[in-house]
Structures are given as structure tokens and as C-alpha cells.
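Following: one structure in C-alpha cells, then a few remarks.
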Amino acid sequence: MDQFKTGNFIKELRKEKNLTQEKIAEVFNVSRRTVSRWETGSNMPDLDILIEMSDYYDVDIREILDGERKDVKMNEEMKDTILKVAEYSNEEKIKMSRMILIYLVIAAVMLAANITLRFLELPSTFWTGFLEGVTSGFPFFTLILCILYLTGNLNKVRNFKLRLIGRK
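The structure is reproduced here in C-alpha cells:
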């Protein structure tokens with residue numbers, strides 16, 4: 701698959717409807733910058749957006765991915781399969797979001813515990829130092845995790861880990 705060819709095709713489809721990148725961004729609920737990245741071929745739309753795009757522009761998903769129009773329309777079985785894959789992908793995103801939320805709640809509790817420990821002015825022992833370290837380290841770890849999630853790199857890290865341990 702040639703991403704640049706696909707990007708040019710997405711751009712052609714938008715221009716055929718005389719729409720701006722801003723308008724397409726509104727339609728697919730993404731930023732204008734994301735649409736620009738699709739059109740330049742530096743990024744590809746998620747599978748669920750590809751399905752919406754195929755319906756919106758009334759073209760086959762294979763046409764979008766190949767970057768050119770085809771004569772044959774996609775059959776319903778293929779469309780159902782792609783919808784199932786998109787649904788699976790969305791379920792994975794929901795699971796990841798829940799995991800991040802749990803980590804954020806735990807991090808907030810640990811930050812509160814860290815602040816409480818510092819205000820109590822307990823004697824400096826191994827255990828107080830350990831608790832202060834854990835209650836400040838975990839929120840820092842969670843911050844890094846959230847940054848990876850928000851930038852879309854958490855899935856890449858997860859997939860890399862799965863390849864390393866041989867599960868994928």
C-alpha cells in the first residue's frame with residue numbers, strides 16, 4: 701500500500717465535493733491537522749474512520765487503500781468483516797482508556813498520600829523514605845503512561861512488548 705497515493709486519493713475525494721480540510725475534520729470529528737496528515741500520506745485514518753469515509757464519499761474501502769477507483773464494488777461480506785475488525789479495534793481502545801483511568805485514580809490517591817506524609821513530618825526512616833518514593837514515583841510513571849497514550853505510542857510500545865515475549 702502506498703500511503704502517499706492513498707493520501708492523494710483522499711485529497712481528490714475531498715476536492716470532488718468542494719470541501720475544505722476544516723469541513724472534513726468536522727465530519728469525521730478530527731482536527732484539520734489530522735486531515736492534512738492523511739492527505740500528505742504521513743498518517744492513515746483509523747479503520748473506523750476509513751469505513752465512515754467510504755460511506756461518506758461513496759467509494760469502496762479498497763479504493764481508498766489502493767489510492768485509485770475500481771470498477772467493482774465491495775460485497776457485503778467484506779464490509780461486515782471490516783466492521784467487525786473496526787469494532788474489535790474500538791473495544792481495544794476502550795480497554796486501554798479504562799486502564800489509563802484506573803492508573804490516574806491510583807496516582808491521585810498516591811499523590812494525596814505523598815502530600816500527607818510530607819505534612820506529617822514523620823521521622824526519617826527507611827519505611828517513610830520508601831513510602832515517599834513510591835507515592836511520588838507512581839504518579840510520575842502514570843504521567844509518562846498518559847503521555848504515551850495521548851500521543852498514540854502506547855499501542856506501539858504494547859505491540860513491541862508482545863513481539864518480544866512472543867505472543868504476537
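Residues are numbered in our numbering as their position in the sequence shown, beginning at 1, plus a constant of 700. In this text, a Cβ means the ideal position worked out from N, Cα and C, and glycines have one as well. Please read all numbers here as calculations on a predicted model, not as lab measurements.
Going by C-alpha distance, which of the options is nearest residue i?
i, options, result
"Asp780", "Asn853, Asp748 and Met796", "Asp748"
"Met744", "Ile710, Cys846 and Arg769", "Ile710"
"Thr720", "Val735, Ser742, Leu862 and Asn708", "Val735"
"Ser742", "Lys715, Asp702 and Asp758", "Asp702"
"Thr835", "Val809, Leu822 and Glu792", "Val809"
"Asn855", "Ile806, Ser789 and Phe830", "Ser789"
"Lys793", "Tyr849, Leu864 and Glu712", "Tyr849"
"Val805", "Trp827, Phe826, Cys846 and Asp766", "Cys846"
"Ser785", "Phe841, Gly829, Phe838 and Asp746", "The question names Ser, but residue 785 in the sequence shown is Val. Per the Cα distances, Asp746."
"Glu739", "Glu752, Ile761, Val759 and Arg714", "Arg714"
"Ile800", "Glu832, Phe841 and Gly837", "Phe841"
"Ile782", "Lys770, Tyr803, Ser754 and Lys795", "Ser754"
"Tyr803", "Phe860, Leu843 and Ile865", "Leu843"
Can you list, in chain order, the residues of its chain with a C-beta nearer than 7 Å to that of residue i? Leave out the 5 residues immediately preceding and following it.
i, result
"Glu722", "Arg732"
"Tyr756", "Val727"
"Ile724", "Arg714 and Val735"
Just mark residue i as buried or exposed, buried being the case when its beta carbon has 16 or more other beta carbons within 10 Å.
i, result
"Asn693", "Given a span of 701 to 868 for the chain in the structure shown, any question on residue 693 remains unanswerable."
"Ala807", "buried"
"Glu797", "A small correction: the amino acid at residue 797 is Ser; Glu does not occupy that position in the sequence shown. It is exposed - the Cβ of Ser797 has fewer than 16 other Cβ atoms within 10 Å."
"Thr851", "exposed"
"Glu763", "buried"
Note down, in chain order, each residue of its chain lying with its Cβ closer than 6 Å to the Cβ of residue i, except the 5 sequence neighbours on either side.
i, result
"Ser824", "none"
"Leu811", "Pro839"
"Thr828", "Leu822"
Apart from the five residues on each side of it in sequence, which residues of its chain come closer than 8 Å, Cβ to Cβ, to residue i?
i, result
"Leu765", "Met701, Thr706 and Leu750"
"Lys717", "Tyr757"
"Glu768", "Lys705 and Phe709"
"Glu832", "Asn814, Leu817 and Arg818"
Exercise. Going along the chain, which unbroken runs of the beta strand (DSSP E) with 3 or more residues stay wholly within the segment 787–813?
Worked result: Qualifying beta strand (DSSP E) stretches: none in this window.
Exercise. Hey, which unbroken runs of the alpha helix (DSSP H) at 4 residues or more fall wholly within the segment 729–783?
Worked result: The segment 729–783 contains these whole alpha helix (DSSP H) runs: 732–740, 747–757 and 761–766.
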